[in-house]
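Only one structure is covered here, and it is reproduced in the block below.
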Amino acid sequence: MKATANSATHRFTDGTYAGPVTDAYYGPILIQASIQGGRLTALKVLKYPSDRRTSVRINRQALPMLRDEAISAQSANVDIISGATLTSRAFIQSLDGALRKASS
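If you count by our numbering, then the sequence shown holds residues 2 to 105, one letter each, in order.
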């Protein structure tokens with residue numbers, strides 16, 4: 002799932018938008034998107050599964066990768082990370098919700 006050139010030109014309304022809390026099986030994920038100058042400039046992970054060592058290890062690795070790819074793509078349309086499928090899907094869902102708010 003790669004971003005298209007079209008999504009890179011998409012303009013958002015400036016502000017901070019939280020997506021829906023999304024179930025990643027081992028716990029919730031909640032993403033907050035910051036928009037400046039009509040572009041996605043920062044993402045903050047407000048909630049993520051962190052009560053198991055395995056979840057902490059996976060999320061420490063996967064969440065920064067997902068964040069960087071989403072900012073680069075200016076979209077929630079990013080690749081699922083192998084070994085972090087549930088985290089990736091929940092991240093994408095929550096970010097997509099935040100970006101839909103920023104688009105309306």
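Don't be surprised by glycine CBs; every beta carbon is placed ideally from N, CA and C.
From residue 80 to residue 66, what distance separates their C-alpha atoms? 10 Å
Taking just the CA atoms, how far does residue 36 sit from residue 46? 15 Å
Helix, strand or coil for residue 8? Go by DSSP, reduced to three states. Unreliable placement is indicated for residue 8, whose pLDDT of 45 sits below 50; the coordinate value is still reported in the next sentence. Residue state, collapsed to three classes: helix.
Residue 87: which of 40, 44, 41, 55 sits nearest, CA to CA? 55
Exposure of residue 23, with buried meaning 16 or more beta-carbon neighbours within 10 Å: buried
Using only alpha-carbon positions, find the residue among 31, 26, 16, 25 that is nearest to residue 98. 31
In the structure shown, what three-state DSSP assignment does residue 79 receive? coil
Between which two residues does the alpha helix (DSSP H) harbouring residue 16 extend? First-last for residue 16: 16 to 19, but that is the beta strand (DSSP E), not the alpha helix (DSSP H).
Helix, strand or coil for residue 99? Go by DSSP, reduced to three states. helix
Pop quiz: residue 164 and residue 44 are said to be a contact at Cβ under 8 Å. What is the actual Cβ separation, rounded to whole angstroms? Absent from the model: residue 164. The displayed extent of the chain is 2 to 105, so no value can be given.
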